[in-house]
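Notes for the one structure printed next.
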Amino acid sequence: MSEYYVPTSSSDWESLIEEPIICFNTDCNYPFGSACKDCAIEFEARAIAKEKVKRDAENRVDRAAAQKLMDMKYQVGRRSEDVSQRVADIVDDLQAIFAFTQPKPQEPGELTWRNLQIHGATPAPLKLMEQSMLSFGDPSSDNNHTDSKRLNSWLSKLLKRTLDGFLLNSPFTGGADAEDSKEVYCPYCSLSTGEGAWRELHIMKCKYAHDEAKKLEIAKEEWSKRRNC
0 MSEYYVPTSS SDWESLIEEP IICFNTDCNY PFGSACKDCA IEFEARAIAK
50 EKVKRDAENR VDRAAAQKLM DMKYQVGRRS EDVSQRVADI VDDLQAIFAF
100 TQPKPQEPGE LTWRNLQIHG ATPAPLKLME QSMLSFGDPS SDNNHTDSKR
150 LNSWLSKLLK RTLDGFLLNS PFTGGADAED SKEVYCPYCS LSTGEGAWRE
200 LHIMKCKYAH DEAKKLEIAK EEWSKRRNC
């Protein structure tokens, strides 16, 4: 820096760069002509300092932009994790609500008048011989096996109650009229709906199947009309 340079105020190096050069050399014509040797050295030093300040400022801007980008990525990642966690929590809650424990296989229902009405109202009832032949032809039929088990249970109970009636000198000890008033039956399939959440699930499934069957019948009728036209 020129020995003739005197700062106008006490400031740091960056502010000194922008201050004017005051030269008392009578041979120096700056700023109206050629500068002296000392002023030329000062100009070069200030140019180098300005370039350094500019690079430092650009580096600070780049670092700030990079940090901001990293912060944005981190925040987006955190938001994604939060959304994923919330979805996982909701799924866990729904599974906890609908994770029903499979009930134990129920014993055949009681020999009640309601059960007899249900089996009597089934479409195309089969005779005992026909049912036996079908069971023989299809040993893996679950429905026939269940019906046979239920029938055997009812017959055993009926025989036991009849014998109890003879032994106790009572003409009737219960049977078809002994209906369970707490049992709820499905309005769509007339079968027992079970208890608790299984009852709602049973009715929901039957209602859906009933509605879909109606839609299918309507679609068949429309298709038949179009075909006949």
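227 is the number that numbering that gives the first Met the number 0 gives to position 228 of the sequence shown; each next residue is one higher, with no gaps. Ideal Cβ placement from N, Cα and C applies to all residues, glycine included.
A direct Cα-to-Cα measurement between isoleucine 20 and phenylalanine 42 gives close to 9 Å. Following the DSSP letters along the chain, one finds cysteine 205 inside the alpha helix (DSSP H) bounded by residues 196-227.
Cβ-Cβ distances below 8 Å link lysine 206 to Tyr187 in the same chain, with the five nearest sequence neighbours on each side left out; the list follows chain order. One Cα belongs to tyrosine 29, the other to glutamate 50, and the distance between them is close to 22 Å. Rounded to whole angstroms, the separation of the alpha carbons of arginine 45 and arginine 59 is 21 Å. DSSP places serine 33 outside both helix and strand once states are collapsed to three, so it counts as coil.
The beta-bridge partner set that DSSP reports for tyrosine 184 consists of Ser191. CA-CA distance, asparagine 24 to lysine 53, rounds to 31 Å. Taken atom to atom, the span from the alpha-carbon of glutamate 57 to that of methionine 69 is near 18 Å.
In the three-state reduction of the DSSP assignment, cysteine 22 falls in the coil class.
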